[in-house]
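Take 29 as the starting number for the sequence shown in the working numbering and just add one per residue. Here the structure is laid out as structure tokens; the discussion comes afterwards.
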Amino acid sequence: MSRAFELISKGNCDNTSIDVITAYTAAAIVYGNGQRSGVITNLTIAEYEMREESYTEESGDMVVIPCVHHKTGAQGLAFLAITEEIDDVVQFYYDNIRAKLTPAETATDYLFLTRSGEQYDQVFRRIKRH
29 MSRAFELISK GNCDNTSIDV ITAYTAAAIV YGNGQRSGVI TNLTIAEYEM
79 REESYTEESG DMVVIPCVHH KTGAQGLAFL AITEEIDDVV QFYYDNIRAK
129 LTPAETATDY LFLTRSGEQY DQVFRRIKRH
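Here it is as structure tokens:
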């Protein structure tokens with residue numbers, strides 16, 4: 029894993045490193061929140077940019093991302109709580125991978141994309157693969 033981060037930090041965006049970091053980042057959010065994979069599939073850049081720092085005695089410092097479009101969206105927002113360290117990983121993904129992808133016309137707003145620029149789907153299958 030650290031090798032993938034190192035390669036991409038140096039500008040070597042090979043496909044395996046991109047796939048590993050994207051899957052790791054998605055997994056950290058999904059598994060850390062016990063959410064369905066739809067929160068990753070539908071998470072938008074705007075939602076990620078609305079994240080806020082939060083503190084509770086139980087959890088300590090966390091970053092909270094609101095997610096509007098998810099399977100039970102009619103019941104309101106899903107709030108994704110991640111550690112500051114995971115937020116750094118998401119920011120790394122956003123700055124070093126997502127920013128360099130050309131999104132498909134239907135996927136411009138999504139935070140997570142496949143290498144081909146499509147909306148990131150089949151999250152659990154992709155995580156399992158890497």
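Note that CB positions come from ideal geometry on N, CA and C, so glycine has one too. It should be emphasised that the depicted structure is a prediction, and the values quoted were computed from it without experimental measurement.
Assignment of beta-bridge partners to M90 by DSSP yields S82, T111.
For Y52, the secondary structure class from DSSP, reduced to helix, strand or coil, is helix.
Here the alpha carbon of T44 sits roughly 29 Å from the alpha carbon of M90. DSSP, reduced to helix, strand and coil, places L71 outside both helices and strands of the structure shown, so it counts as coil.
The Cβ atoms of A32 and V58 lie no closer than 8 Å to each other. For the pair I36 and R143, the Cα-to-Cα distance works out to about 14 Å.
Fewer than three pairs of CB atoms, one per stretch, sit closer than 8 Å, so the segment 107-115 makes no contact with the segment 132-151.
Around the CB of N40, fewer than 16 other CB atoms lie within 10 Å, so the residue is classed as exposed.
Proximity to I46 across Q150, N124, T130 peaks at N124, based on C-alpha coordinates.
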